[in-house]
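Under UniProt numbering, the first residue of the sequence shown carries the number 1, and numbering increases by one thereafter. What follows is a set of notes on a single structure, which appears directly below.
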Amino acid sequence: MENDFLKKGGFHLMDNFHEEVVMKDKTTMDSLLYVLSYIAMIVFGILALFMLMNILPLLLSGQFAMAIAPAILLVAFGGLAYLAYVTRNKQSTEYEYTFTNGELDVAAVIMNNKRKKLLSANAKEFESIAPVSDDSYKRLANSMKDMKVYKAFRNNDVDRLYYGLFNHDGVRSILLFEPSEELLNMFKAYIPRNIKVKG
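See below:
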C-alpha cells in the first residue's frame, strides 16, 4: 500500500504533524523585571484613576483651565501603566510553531491564554533555512531593511537561532526562529536542498 500516500525523508506527508513551544530561558533579571513591571502597572494605573477622579468634577463645574494639569498627568500615568503592561506581557510571551503536512503556523502566546497568529506559510515557499551564524545570513543583513521580518524567538542564542527566507503573499520575507531538530527534519522532507542544519 506504499502508493496510497507520499513518503519522503522518513515522513508520511499526508499525516505529518508537529507542534512545539519556544520559551525564554528564565534568569533572575527576567523574574525581577516581570515583578517590577507588574507593580508599576498597578501603581501607575491607580494614579491614572486618581487623576481621572480629580478631572471629572472640574470638567462638570466648567473649570477647564484647572483640569489641564491633571489631564496631562492622567495621560502620563496612563501611558506608563500601558508601557508596564506591555513589558510584563513581553516577559511572558512564548512562540508556538505548528507544522501540519508542509504548512507552518507561527503564533505568539501571551500570558498562557492569549494567542496571536503571526504567520502561515508553506514549507515549499522557503528558499533557504539556515543558522544565523551561516555566511548566507550575513550576506542578507544589508537587504533585510527591505523585507518583512517575522521575529519568533525568545533567546538570543546564536547556536539555536535560524532564519528562513521566503516570499509570502508577494512580499520578500524572513523568519527568525528557534526550530528543534525534529522540526528541521520535517522541513527537510519538503525542501531537502534548501535547508542547512548547524553541524
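Backbone N, C-alpha and C define an ideal beta-carbon position, used for all residues, glycine too. Fair warning: this is a prediction, and the values are worked out from it, not measured in the lab.
Environment of residue i [buried if 16+ CB atoms lie within 10 Å]
i	result
Asp4	For Asp4, the predicted model reports a pLDDT of 41, less than 50, meaning its position is unreliable; a value from the coordinates is still stated below. Per the 10 Å Cβ criterion, exposed.
Val22	buried
Met111	exposed
Lys188	buried
Ala67	buried
Gly62	exposed
residue 230	No answer is possible for residue 230: it lies beyond the span of the chain, which begins at 1 and ends at 199.
Met29	exposed
Phe64	exposed
Leu74	buried
Pro57	exposed
Gly164	buried
Ala69	exposed
Arg139	exposed
Ile55	buried
Ala123	buried
Separation of residue j from residue i, as counted between CA atoms
i	j	result
Phe77	Lys116	27 Å
Lys196	Lys114	33 Å
Ser128	Asp157	20 Å
Ser180	Pro192	16 Å
Phe44	Leu80	6 Å
Thr27	Leu33	10 Å
Tyr85	Ser37	7 Å
Rounded Cβ spacing between residue i and residue j (contact assumed at less than 8 Å)
i	j	result
Tyr190	Ser173	Not confirmed; about 18 Å, so no contact.
Leu118	Phe153	Not quite, the Cβ-Cβ distance comes to about 12 Å (not below 8 Å), so this is no contact.
Met147	His18	With a Cβ gap of about 26 Å, Met147 and His18 do not count as contacting.
Tyr97	Glu20	5 Å
Inset, instruction - Please determine if the region 93-102 and the region 165-176 are in contact, where contact requires at least 3 C-beta pairs separated by less than 8 Å. - result: no
Inset, instruction - Go through the region 91-130 residue by residue and report every complete run of the beta strand (DSSP E) that reaches 3 residues or more, in order. - result: 93-100, 103-110 and 114-122
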